[in-house]
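Undergrad: Line by line, the protein sequences are chains A and B. Counted from 1, the first sequence has number 272 at position 109 by the working numbering; the numbering is strictly sequential. Counted from 1, the second sequence has number 49 at position 40 by the working numbering; the numbering is strictly sequential. The beta-carbon is built from N, C-alpha and C at its ideal position, and this holds for glycine as well. Just so it is clear, the structure is predicted and the values come from calculations on it, not from any experiment. If you scroll down you'll find the structure; I have some questions about it.
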Amino acid sequence: MTNGSILNSKIFRISLICAFFLILGIFPKSAFSQESTSESKEKKFDAKETILEHISDSHSWPFALPFVEEKHIPLPVILYTDKGLDIFSSGHLLPEGTVYSSGKNSYKLEGNKIKVVDASGKIDEEAGKKVMDFSITRNVISMFMGITILLIVFLSISSAYKKRQGKAPKGLQSWIEPLIVFVRDDIAIPNMGHKYTRFMPLLLTVFFFILLNNLMGMVPFFPGGYNLTGNIAVTAVLSVIIFFVVNLNGNKYYWKHIFVPNPWWLFIIMIPVEVVGIFSKPIALMIRLFANITAGHILILSLISLIFILNTIWVSPVSVVFVVFMDAIELLVAFLQAYIFTLLSALFIGMAIEEHH
Amino acid sequence: MTGMIGTLVQAVGMHGNIGALSAGLAAIGAGIGIGQIGGKAVEAIARQPEAISKIQTNMIIAAALVEGVALFAVVVAAFLSN
Chain A
164 MTNGSILNSK
174 IFRISLICAF
184 FLILGIFPKS
194 AFSQESTSES
204 KEKKFDAKET
214 ILEHISDSHS
224 WPFALPFVEE
234 KHIPLPVILY
244 TDKGLDIFSS
254 GHLLPEGTVY
264 SSGKNSYKLE
274 GNKIKVVDAS
284 GKIDEEAGKK
294 VMDFSITRNV
304 ISMFMGITIL
314 LIVFLSISSA
324 YKKRQGKAPK
334 GLQSWIEPLI
344 VFVRDDIAIP
354 NMGHKYTRFM
364 PLLLTVFFFI
374 LLNNLMGMVP
384 FFPGGYNLTG
394 NIAVTAVLSV
404 IIFFVVNLNG
414 NKYYWKHIFV
424 PNPWWLFIIM
434 IPVEVVGIFS
444 KPIALMIRLF
454 ANITAGHILI
464 LSLISLIFIL
474 NTIWVSPVSV
484 VFVVFMDAIE
494 LLVAFLQAYI
504 FTLLSALFIG
514 MAIEEHH
Chain B
10 MTGMIGTLVQ
20 AVGMHGNIGA
30 LSAGLAAIGA
40 GIGIGQIGGK
50 AVEAIARQPE
60 AISKIQTNMI
70 IAAALVEGVA
80 LFAVVVAAFL
90 SN
């Protein structure tokens, strides 16, 4: 600040980093761009279909490098039918519409779902109801990758804490410790009081699971680029877990508050309202996380597909600048949604275990 | 006023896409709500600048909750649109 050359070099370094990232952004998320160049002769670019394909689950992992045609790695299909277990690679089903007969049933891929067909290729609905789909799809593999990363990080931190008891944290420990202390001091203790230690593992797991999967969804290359927390089934499971924890730990003041309203003559409207409230609070958690993350992904994909819809390269500076700005907002949203989910879970659990004054 | 809104919804429903209209209404709701939160937060910071970090935290939490409600409407609009 006093010396002119220090100021110049700091601004110079920052602008160099910005220019580097902007130049990286000129190659749009590569799995996406190959789609249109390989089909630009036959099919017009359908933005809605491409965006939905990137957001939803599928039975193959798309594998793309710049300037190379996109390949799909087929993933295993595991079906539990009433005739036994059926395991095969989804490569047998891949050009969509191919009928594959295992020993027990014949299957066909329609959209992203596997349907049971009879010999002529017509879809058999009642047989389809007896088949349960346990396949390893893209979301399952991405969840395994996220879990592996979480396990590696947290097991190494916990062993480091045991070895370095009483000493200052070092390395990965000192990176994660502020987040753990933040969850404890700003989320758990204000909402749950002195009984917070029982629920800290749950809150930490929920917080870091959601945060890691949100962040990995924003990274465009392997091992990121999947949309896990934007899948309503995943957020539904998280909120069902919170629902069971809250209601199984509710003490009698919690249930009294729901079923015995304060002026007793209000019970005719307060009891239905409170009972609906037991269910609507986890449902709100589920939809809030799902909609925020999915909306963010759709927005970024739409801004990049603007280049392909308008079919000129001169739109790309505008589009890339918007996408960088939206990515910064999405970073904030990733952290914020993890924080809000954990905060509201801590609030609900705190309301359930609260002692009477 | 209500007659105008009724005619608009009917016209869109018959000829257009009512999902798009509902998403637009949800955006209006979110804009008004979060605008109010932001405005009051900024006023509070102007009154007491040393409380800026607490005010900011609470503003972000309230904005995320209001945005959640708007996103319920967006999800329903996505179901309605064809």
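1. Please report the distance separating the alpha-carbon of Glu76 of chain B from that of Phe88 of chain B.
2. Using a threshold of 9 Å, state whether the C-beta atoms of Val294 of chain A and Val280 of chain A are closer than that.
3. For Leu391 of chain A and chain B, any beta-carbon pair shorter than 9 Å?
4. Taking the Cβ atom as the reference point for each residue, do Phe362 of chain A and Ala501 of chain A lie within a distance shorter than 9 Å?
5. Of all the residues that make up the region 347 to 381 of chain A, which are near chain B by a beta-carbon distance shorter than 8 Å?
6. Since I believe Asn275 of chain A is in contact with Asp220 of chain A (beta carbons under 8 Å), could you give me their beta-carbon distance rounded to a whole number of angstroms?
7. Please check the pair Ser223 of chain A and Pro237 of chain A, which I expect to be a contact at CB under 8 Å, by giving their CB distance rounded to whole angstroms.
8. Can a CB atom of chain E be found closer than 9 Å to the CB of Leu89 of chain B?
9. Is the distance from the Cβ of Lys271 of chain A to the Cβ of Ile250 of chain A below 9 Å?
10. Out of A:Ser178, A:Lys330, A:Val397, state which residue places its alpha-carbon closest to the alpha-carbon of Met306 of chain A.
11. With DSSP as the reference, please indicate the residues paired to Glu273 of chain A in a beta bridge.
12. What's the C-alpha gap between Thr392 of chain A and Pro364 of chain A?
13. If we require 4 or more residues per run, which alpha helix (DSSP H) segments fall completely within the region 362 to 433 of chain A?
14. Using the C-alpha atoms, what's the distance from Ala73 of chain B back to Thr446 of chain A?
15. Would you report the Cα separation of Glu205 of chain A and Ser90 of chain B, rounded to the nearest angstrom?
16. Taking Cβ-Cβ distances shorter than 9 Å, what residues in chain B pair up with Asn455 of chain A?
17. Quick check on DSSP: helix, strand or coil for Met13 of chain B?
18. Kindly list, in the order they appear in chain B, the residues whose Cβ is closer than 9 Å to that of Lys450 of chain A.
19. With H, G and I counted as helix, E and B as strand and the rest as coil, what does DSSP make of Pro229 of chain A?
20. Short of 8 Å Cβ to Cβ, which residues in the region 44 to 63 of chain B face chain A?
21. Taking Ile64 of chain B as the reference, which of B:Gly15, B:Gly47, B:Leu80 has the closest Cα?
22. At the level of alpha carbons, what is the spacing between Asp209 of chain A and Gly33 of chain B?
23. Between Leu462 of chain A and chain B, is any beta-carbon pair separated by less than 9 Å?
24. Verify the CB distance criterion: does Ile69 of chain B have a CB-CB separation below 9 Å to chain A?
25. Report the residues of the region 480 to 505 of chain A with a CB closer than 9 Å to any CB of chain B, ordered along the chain.
26. Using alpha carbons as the reference points, say which of A:Phe511, A:Ile218, A:Val409, A:Ser402 lies closest to Ile373 of chain A.
27. Between which two residues does the beta strand (DSSP E) holding Pro239 of chain A run?
28. What distance in whole Å lies between the Cβ atoms of Ile320 of chain A and Leu375 of chain A, which are believed to be in contact at a cut-off of 8 Å?
29. Counting along the chain, where does the beta strand (DSSP E) carrying Ile250 of chain A start and finish?
30. What's the gap between the Cα of Ala515 of chain A and the Cα of Leu256 of chain A?
31. If you follow the beta strand (DSSP E) that Ser264 of chain A is in, where does it begin and where does it stop?
32. If distances are taken between C-alpha atoms only, which option among A:Phe370, A:Ile339, A:Phe385, A:His217 comes closest to Pro229 of chain A?
33. Using a Cβ-Cβ distance under 9 Å, would Ala210 of chain A count as near chain B?
34. Anything in the region 435 to 448 of chain A with a Cβ closer than 7 Å to a Cβ of chain B? List those residues in chain order, please.
TA: In short:
1. 19 Å
2. no
3. no
4. For Phe362 of chain A and Ala501 of chain A, no; Cβs fall outside 9 Å.
5. none
6. 6 Å
7. Contact flag correct, Cβ pair sits at about 5 Å.
8. Although the question refers to chain E, the structure presented lacks it and instead comprises the protein chains A and B.
9. no
10. A:Val397
11. A:Lys276
12. 20 Å
13. 363 to 381, 395 to 411, 415 to 422
14. For the record, residue 446 of chain A in the displayed sequence is Ile; it is not Thr. The alpha-carbon atoms of Ile446 of chain A and Ala73 of chain B are separated by roughly 16 Å.
15. The predicted model places Glu205 of chain A with a pLDDT of 49, which falls under 50 and marks its position as unreliable; any figure quoted below should be read in that light. If you draw a straight line from the Cα of Glu205 of chain A to the Cα of Ser90 of chain B, it comes to about 27 Å.
16. Counting only Cβ-Cβ distances below 9 Å, Asn455 of chain A has contacts in chain B at Ala73, Glu76, Gly77, Leu80, in chain order.
17. helix
18. The amino acid at residue 450 of chain A is misidentified as Lys; the sequence shows Ile. Within chain B, the residues placing a beta-carbon under 9 Å from that of Ile450 of chain A are Gly77, Leu80, Phe81, Val84, ordered along the chain.
19. DSSP places Pro229 of chain A in the coil class of the three-state scheme, outside both helix and strand.
20. none
21. B:Gly47
22. 23 Å
23. no
24. yes
25. Cβ contacts with chain B come from Leu495, Val496, Leu499, Gln500, Tyr502, Ile503.
26. A:Ser402
27. 239 to 244
28. Not really, about 14 Å apart at Cβ, beyond 8 Å.
29. 247 to 252
30. 49 Å
31. 262 to 264
32. A:Phe385
33. no
34. Ala447
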